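Everything below concerns the one structure shown next.
Residue numbers (the UniProt record's numbering): 1 to 298.
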């Protein structure tokens, strides 16, 4: 069977994007040429791999099996080629990183200036949408997410644990009083992430070996830490914030002070999610750079 690895790579790109035009644009070849090459590949394997309509492209049963086996082969070949190129040079190219906006506010100011100075040949493109990831068509070299992650085919690597404390504004505490025990939180407005548990959320607080699970309430719920912090700064309630040492001045500058300073919430793990165990040089350089610096800031 005379099948070239390049033709398999073309099929994999089309299968990932489920669109000939988008795949052709990413590959830098005409769409008609790409379609012809994939059709020739189907002829050689003797099975239809794609179903084509005017609106979309889908994988056949054979195509899904072929894609699942071949995408890892193509990724390994691509990384091997890149590593050979990088043996005699600094890591280079465009690094596509996905993270939540609130996480970007925590991470990027701490590390990016020094990183860009040390690696001038890496162009960093950040996606801050926080959109759900499809492990198969994931377009990113690296995904950073906080908190426990759902099982997927992405490779998960924990970078650090982030401290997690409670804060409120001077104005809020002057009007509502300072909570003295975790149980007091049930009588305060608590700014919360969506929990799927109705009007009640539960915060697990730790102080040494003591652990308390507290039911908390509040009228304001958002899925963005930065927005919750801004609401807290306007006196709207008590907010849990993951904390880096470098953030302490910024937190104080917006008028937030620590609540229940002897207690903290369960630390949040920060994960790097990767499409393959074989890490390209540019991604490895970024991870090796940020991990020790983030741990220093804890």
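For glycine and all other residues, C-beta sits at the position ideal for the given N, C-alpha and C. On a predicted model such as this, the values are computed, not experimentally measured, just so you know.
Worksheet entry | CB of residue 168 within 8 Å of CB of residue 254, strictly | Residue 168 sits at position 168 when you count from the first residue of the chain shown. Residue 254 sits at position 254 when you count from the first residue of the chain shown. Cβ distance not < 8 Å, so residue 168 and residue 254 don't count as in contact.
Practice prompt. Alpha carbon to alpha carbon, how far is residue 148 from residue 75? Give it in angstroms, no decimals.
Written response: Taking the chain shown and counting its residues from 1, the one referred to as residue 75 is at position 75. Taking the chain shown and counting its residues from 1, the one referred to as residue 148 is at position 148. Residue 75 and residue 148: Cα-Cα distance of roughly 26 Å.
Worksheet entry | Start-to-end residues for the alpha helix (DSSP H) that takes in residue 108 | On the chain shown, residue 108 is found 108 positions in, with the first residue counted as 1. Taken as a continuous stretch (DSSP letters only), the alpha helix (DSSP H) holding residue 108 covers 101-118.
Worksheet entry | Nearest candidate by alpha-carbon position, reference residue 121, set 108, 290, 282 | By 1-based counting over the chain shown, the position of residue 121 is 121. Ranking the options by Cα distance to residue 121, first place goes to 282.
Worksheet entry | Between the CA atoms of residue 251 and residue 191 - distance to the nearest angstrom | Along the chain shown, one-based indexing puts residue 191 at 191. Along the chain shown, one-based indexing puts residue 251 at 251. C-alpha separation (whole angstroms): 16 Å.
Discussion item. For a test of the three-state rule: what should DSSP assign to residue 277, helix, strand or coil?
Written reply: Position 277 of the chain shown, counted from the first residue, corresponds to residue 277. Looking at residue 277 - three-state DSSP - the assignment turns out to be coil, as it is neither helix nor strand.
Item to complete: May I have the straight-line CA-CA distance separating residue 273 from residue 226, to the nearest angstrom?
Response: For the purposes of this step, residue 273 is taken as residue 273 along the chain shown, with counting starting at 1. For the purposes of this step, residue 226 is taken as residue 226 along the chain shown, with counting starting at 1. Using only the alpha carbons, I get a separation of about 22 Å.
Practice prompt. Pick out whichever of 210, 77, 213, 14 has its Cα sitting closest to the Cα of residue 39.
Written response: As a first step, residue 39 must be located in the chain shown, where it is residue number 39. Considering only 210, 77, 213, 14, the residue with the shortest C-alpha distance to residue 39 is 14.
Worksheet item: So, are the CB atoms of residue 189 and residue 236 less than 8 Å apart?
Response: Here residue 189 is taken as the residue at index 189 of the chain shown, counted from 1. Here residue 236 is taken as the residue at index 236 of the chain shown, counted from 1. If you check the CB distance, residue 189 and residue 236 come in under 8 Å.
Discussion item. Would the segment 175-186 count as touching the segment 197-212 if we require 3 or more Cβ pairs under 8 Å?
Written reply: As far as the Cβ criterion goes, the segment 175-186 touches the segment 197-212, which means the pair count is three or higher.
Worksheet item: How long is the line joining the alpha carbons of residue 58 and residue 3, rounded to whole angstroms?
Response: Numbered from 1 along the chain shown, position 58 holds the residue referred to as residue 58. Numbered from 1 along the chain shown, position 3 holds the residue referred to as residue 3. So the two alpha carbons sit approximately 22 Å from each other.
Item to complete: Check the C-beta distance from residue 146 over to residue 126 and give it rounded, since I have them as a contact under 8 Å.
Response: Taking the chain shown and counting its residues from 1, one reaches residue 146 at position 146. Taking the chain shown and counting its residues from 1, one reaches residue 126 at position 126. At roughly 16 Å, the Cβ-Cβ gap does not stay under 8 Å, so residue 146 and residue 126 are not in contact.
Item to complete: Using a threshold of 8 Å, state whether the C-beta atoms of residue 263 and residue 207 are closer than that.
Response: Your numbering for residue 263 matches position 263 in the chain shown. Your numbering for residue 207 matches position 207 in the chain shown. Yes. Within cutoff.
Fill in: Minimum Cβ-Cβ distance from residue 4 to chain C less than 8 Å
The displayed structure is made up of one protein chain only, and chain C is not part of it.
Fill in: Residues of its chain near residue 141, where Cβ-Cβ distance is below 6 Å and the 5 sequence neighbours each way are ignored
By 1-based counting over the chain shown, the position of residue 141 is 141. Hits under 6 Å: 95, 96, 283.
Item to complete: For the UniProt domain "HTH lysR-type" (1-60), list the beta strand (DSSP E) runs that are entirely contained and at least 3 residues long, ordered along the chain.
Response: 50-52, 57-59
Worksheet item: Are the beta-carbon atoms belonging to residue 238 and residue 144 less than 8 Å from one another?
Response: Against the chain shown, residue 238 aligns to sequence position 238. Against the chain shown, residue 144 aligns to sequence position 144. In this structure, residue 238 sits away from residue 144, with a CB-CB distance that is not shorter than 8 Å.
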